[in-house]
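Quick notes on the structure that follows.
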Amino acid sequence: MDIVQIQNLKLATALTEKIWAANKYDVMAKGYQYYKFCSSYSKSMTSFLDTQLMLQNIRLMRGKPYNIDAYVNTMEHMWGYIKKEATTEEKETFHHYLNRSKHLPYSTFYQWNGSLKQAYCFFHQLLQKYPNNYLKHSGILFPEKYSAEITNKEGIFVIRNDRVWKII
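Heads up: the sequence shown begins at 1 in UniProt numbering, then just goes up one per residue.
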């Protein structure tokens, strides 16, 4: 693989949109206002500078602490992808953990602890039982996947840690 500078705006935009899709729930869990900002910005990218700024915005948002209310809202959004398949007991357990998270004595956090971790881990278990193609690429659930891949007539391109690689 070689590091390359992309000369194709369509390709740069597609890679950036894939990175945004993978990280939107992580950003949403930091604060809905951050999510709305990035979502709006992603729809208005028209230049290479826009794609670079979008990636920078995502990176900045990922460095912010999680917000309890935003976290609960985000988990409820993700729940929507598997709720039809989950049993009544699984639904009750998941919502029990989320409700306990709402009453924690702090409003922001960097690490999953207590009921936050229970809800997070339980959701991971449910995702193994009820796989979802979209969520398996989510940065909040799988933080190590801060990357995207695009294949077109020019080759296979991978973006990871703000570097673009062309697979030869």
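C-beta atoms are modelled at their ideal positions from N, C-alpha and C, and glycine is treated no differently.
These numbers were taken from a predicted model, which means no experiment stands behind them.
Item: With a Cβ-Cβ cutoff of 8 angstroms, do I156 and Y25 count as a contact?; Value: no
Item: Could you check if T51 is buried or exposed, using at least 16 other CB atoms within 10 Å of its CB as the buried criterion?; Value: buried
Item: Near A102, which residues of its chain fall below 8 angstroms by C-beta distance, leaving aside the five closest residues on each side in sequence?; Value: Correcting the residue type first, residue 102 is Lys in the shown sequence and not Ala. Correct list, in chain order: I68, D69 and V72.
Item: Under three-state DSSP, which class holds F109?; Value: strand
Item: For the segment 89-142, list the alpha helix (DSSP H) runs that are entirely contained and at least 4 residues long, ordered along the chain.; Value: 114-129
Item: Can you tell me the Cα-Cα spacing of K32 and L60, whole angstroms?; Value: In the sequence as presented, Lys is not what sits at residue 32; that position holds Tyr. Those two C-alpha atoms are separated by around 15 angstroms.
Item: Please say whether H77 and M45 have beta carbons closer to each other than 8 angstroms?; Value: no
Item: CB Y97 to CB F122, shorter than 8 angstroms?; Value: yes
Item: Looking at E85: is its Cβ nearer than 8 angstroms to the Cβ of Y34?; Value: no
Item: Check whether the Cβ atoms of N57 and C38 lie closer than 8 angstroms to each other.; Value: yes
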